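J.:
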Amino acid sequence: MKNVEAIKSEEQLASMQAYLKARSHRDYCLLLLGINTGIRIYDLLHLRVDEFLNEDHEINEFLYYSTYKSPPIYLNERVRDAVVACISHRSLQPEDYLFKSKKTSEPITRQQAYRIINDSAKQAGLTEAIGTHTLRKTFGYHAYKKGIAISLIQKRLQQSSPSETKQYIGIMNDSSIEIRLDVNL
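When the sequence shown is numbered by UniProt numbering, its final residue is 185 and no position is left out of the sequence of numbers.
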């Protein structure tokens, strides 16, 4: 198994998003959920539509799911919009997997998720090793870069120490990243 890295270029991330958005609402939603939440690929693939819905069948602002024992996961507006588009364009029912296979009622496989991520990365010009862990690492890297405390990222990624988290997301030297704590009151 090769070591994969976070996608550090926001331009390449935007290119991947544009490519997937033009191809498939499901695949675009997979990428957005992965890079904006840090959820493990197995858990992502097994999310059901009803886990995103409130009593009025609207998308929740927070995702509560059983295998994640930490605080609920915030879904930003772009992610919520992508989830709505994925559900409506694919006519998914509440009991369906969000990332349901086109051939069966089961979720897509990890291998298919890998192909989706890898294909979009190649289209964006990425030459680094890319895999399903790239989504989590990208989430962690960009959260850290935007000033989120490493302890909070560690908790979200469910890792044992801040140093392990820094190594996982590719932060070897703090001085190599410009962190902007913009409290614009």
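Don't be surprised by glycine CBs; every beta carbon is placed ideally from N, CA and C. This one's a predicted model, so the numbers in the text were calculated from it and none came from an experiment.
To which residues of the same chain is Y114 closer than 7 Å at the C-beta, ignoring the five residues directly before and after it?
T.: G131 and T132
J.: For A124, which residues from the same chain have a beta carbon less than 6 Å from its beta carbon, with the 5 sequence-adjacent residues on both sides left out?
T.: Q12, S15 and M16
J.: Let's test the definition: count the other Cβ atoms within 10 Å of the Cβ of P94 and tell me whether it reaches 16, buried, or not, exposed.
T.: Exposed, since its Cβ has fewer than 16 Cβ neighbours within 10 Å.
J.: What distance in whole Å lies between the Cβ atoms of V84 and residue 188, which are believed to be in contact at a cut-off of 8 Å?
T.: The question about residue 188 has no answer, for the chain in this structure spans 1 to 185.
J.: Between residue 186 and the rest of its own chain, which residues show a CB-CB distance below 6 Å, the 5 nearest in sequence each way excluded?
T.: Coverage of the chain is limited to positions 1 through 185, which leaves residue 186 absent and any answer about it impossible.
J.: What's the C-alpha gap between A129 and L31?
T.: 16 Å
J.: Roughly how far, in whole angstroms, is the beta-carbon of C29 from the beta-carbon of L135, given that I think they are within contact range, below 8 Å?
T.: No, C29 and L135 are not in contact; Cβ-Cβ is about 12 Å, not under 8 Å.
J.: Buried or exposed for Y144, please, with buried defined as at least 16 other CB atoms from any protein chain shown within 10 angstroms of its CB.
T.: With 16 or more other Cβ atoms inside 10 Å of its own Cβ, Y144 counts as buried.
J.: Excluding the 5 residues flanking I35 on each side, which residues of the same chain have their C-beta closer than 6 Å to its C-beta?
T.: L135, T138 and F139
J.: Buried or exposed: Y74, going by 16 or more other Cβ atoms within 10 Å of its Cβ?
T.: exposed
J.: Please go through the same chain and pick out, in chain order, the residues whose beta-carbon is closer than 7 Å to the beta-carbon of N3, but skip the five residues on each side of it.
T.: A129
J.: Just to confirm the assignment: which complete alpha helix (DSSP H) runs, minimum length 4, are found wholly within the stretch 99-154?
T.: 110-123 and 133-145
J.: Rounded to whole angstroms, what's the CA-CA distance from H25 to N173? Just pull it up for me.
T.: 37 Å
J.: Starting from E10 and walking both ways along the alpha helix (DSSP H), at which residues does that stretch end?
T.: E10 to R23
J.: Given R110, which residues of its chain have a CB within under 8 Å of its CB, disregarding the five upstream and five downstream residues?
T.: I41, Y42, L45 and T132
J.: Could you please give the first and the last residue of the uninterrupted alpha helix (DSSP H) stretch that includes A82?
T.: Note, A82: alpha helix (DSSP H), E77 to H89.
J.: In the DSSP assignment, what residue or residues form a beta bridge with L63?
T.: BP columns for L63 point to I73.
J.: With DSSP as the reference, identify every bridge partner of Y97, one or two as the case may be.
T.: R48
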